[in-house]
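Report on one structure; see the data block that follows.
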Amino acid sequence: MEIKDSVVIELADEAAKLRKNNGLSIPEAIKQVLQKWETYDNIAYFLKIAAELGKRGGKKPKIKKCEVKKRGTKINIHRTLKNIEKRELIKKQTKEAEEMARERRDDLLPDP
Numbered sequence: 285m286e287i288k289d290s291v292v293i294e295l296a297d298e299a300a301k302l303r304k305n306n307g308l309s310i311p312e313a314i315k316q317v318l319q320k321w322e323t324y325d326n327i328a329y330f331l332k333i334a335a336e337l338g339k340r341g342g343k344k345p346k347i348k349k350c351e352v353k354k355r356g357t358k359i360n361i362h363r364t365l366k367n368i369e370k371r372e373l374i375k376k377q378t379k380e381a382e383e384m385a386r387e388r389r390d391d392l393l394p395d396p
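When the letters of the sequence shown are read in order and numbered with this note's numbering, they come out as residues 285 to 396.
This is the structure:
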């Protein structure tokens, strides 16, 4: 059975869209496309589509941390915000302590 390049390009386009929208890996995107087209048992299609995506420079799409749809991400973002607030509070307290120490040192210095 001969595999047409136009079909491979079309399937690769669909796989690329899935990868971009859902953040899937190349094999997962290809499997979903082949299942949709009911040719998932044909390894030749899989290899051709993978080669086509590889030619295009198929790297895993970068997703912003707040867009990641994994379990516990909301908690991680919340923790990150809390850590930032804690750091700012610590900086503020450190600055106040340094000012108080300077004032104390000024009191301890002898009068000229």
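Glycine is no exception: its CB is placed at the ideal position from the N, C-alpha and C atoms.
For clarity, every value in this text was computed on a predicted model and none was experimentally measured.
DSSP state of residue i mapped onto helix, strand, coil
i, result
"N367", "helix"
"S309", "coil"
"K288", "coil"
"D297", "helix"
"T378", "helix"
Cβ-based burial, residue i [other Cβ within 10 Å; buried from 16]
i, result
"E372", "exposed"
"R386", "exposed"
"K320", "exposed"
"K332", "buried"
Contacts around residue i, its chain only, beta-carbon distance under 7 Å, and the 5 residues preceding and following it disregarded
i, result
"K348", "In this prediction, K348 has a pLDDT of 49, which is less than 50 and means its spatial position is unreliable; what the coordinates show is noted afterwards. Here the set comprises nothing."
Sequence-distant residues of its chain with Cβ nearer than 8 Å to residue i (five each side left out)
i, result
"K301", "none"
*Touching by the beta-carbon criterion (3+ pairs, under 8 Å), the region 297-310 and the region 332-340*: yes
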